[in-house]
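Visitor:
Residue numbers (full-length UniProt numbering): 1 to 120.
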């Protein structure tokens, strides 16, 4: 998970991943979309490949890169844990729900009781 998080920490690598969402691209096609040198793009591709986020396919003399989102699953699960409320937040949410329910019941029963008193 740390290697995946490190790989997506760089904006150039995130942009490469977004490009590969559309389909496989050659190293040259990827490099042509950046103002940085081809060796720099090659280093970024190596980091992405080492993290498992991209696979490379050799077709003749050309190397194509393909997105592999599998390694993101572990990172996504961990991030979901951060977003999940803690035990206290669950209890406070339940308390708030109970307070609203009790107030609603009092309004309904209070109105009904007042109507009975007025007709008696």
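All residues carry an ideal CB built from backbone N, CA and C; glycine is no exception.
(1) Using a Cβ-Cβ cutoff of less than 8 Å, which residues in the same chain neighbour residue 19 once the five nearest sequence positions on both sides are dropped?
(2) Taking the CB atoms as reference points, tell me whether residue 3 and residue 70 lie closer together than 9 Å.
(3) So, do the region 91 to 98 and the region 54 to 62 have three or more beta carbon pairs nearer to each other than 8 Å?
(4) At which residue ranges does the UniProt domain "HTH arsR-type" (1 to 87) contain complete alpha helix (DSSP H) runs of 4 or more residues, listed in the order of the chain?
(5) Using the C-alpha atoms, what's the distance from residue 73 back to residue 80?
(6) In chain order, what residues of the same chain lie with their CB nearer than 8 Å to the CB of residue 36, ignoring the 5 residues before and after it?
(7) Return the CA-CA distance between residue 105 and residue 97, expressed in angstroms with no decimal places.
(8) Please report the distance separating the alpha-carbon of residue 16 from that of residue 107.
(9) When you compare each of 67, 44, 99 to residue 23 by their alpha carbons, which one comes out closest?
(10) Using a Cβ-Cβ cutoff of less than 8 Å, which residues in the same chain neighbour residue 122 once the five nearest sequence positions on both sides are dropped?
Guide: Straight from the coordinates:
(1) Locating residue 19 in the chain shown gives position 19, counting from the first residue. For residue 19, where only same-chain residues beyond five positions count, the Cβ hits under 8 Å are 25, 30, 33.
(2) By one-based count along the chain shown, residue 3 stands at place 3. By one-based count along the chain shown, residue 70 stands at place 70. Going by C-beta atoms, residue 3 is not nearer than 9 Å to residue 70.
(3) With fewer than three CB-CB distances shorter than 8 Å, the region 91 to 98 does not count as touching the region 54 to 62.
(4) If we require 4 residues or more, the alpha helix (DSSP H) runs fully inside the UniProt domain "HTH arsR-type" (1 to 87) come out as 2 to 8, 11 to 21, 27 to 31, 38 to 51, 72 to 83.
(5) Along the chain shown, read from residue 1 onward, the residue named residue 80 stands at position 80. Along the chain shown, read from residue 1 onward, the residue named residue 73 stands at position 73. Using only the alpha carbons, I get a separation of about 10 Å.
(6) On the chain shown, position 36 is the one that residue 36 refers to. Hits under 8 Å: 12.
(7) Reading the chain shown from its first residue, position 105 is the one you call residue 105. Reading the chain shown from its first residue, position 97 is the one you call residue 97. Near 12 Å, if we compare the C-alpha coordinates of residue 97 and residue 105.
(8) Within the chain shown, the letter at position 16 stands for residue 16. Within the chain shown, the letter at position 107 stands for residue 107. Going by the C-alpha atoms only, they are around 58 Å apart.
(9) Indexing the chain shown from 1 puts residue 23 at position 23. Ranking 67, 44, 99 by Cα distance to residue 23 puts 67 first.
(10) Residue 122 is absent from the structure shown; the chain starts at 1 and stops at 120.
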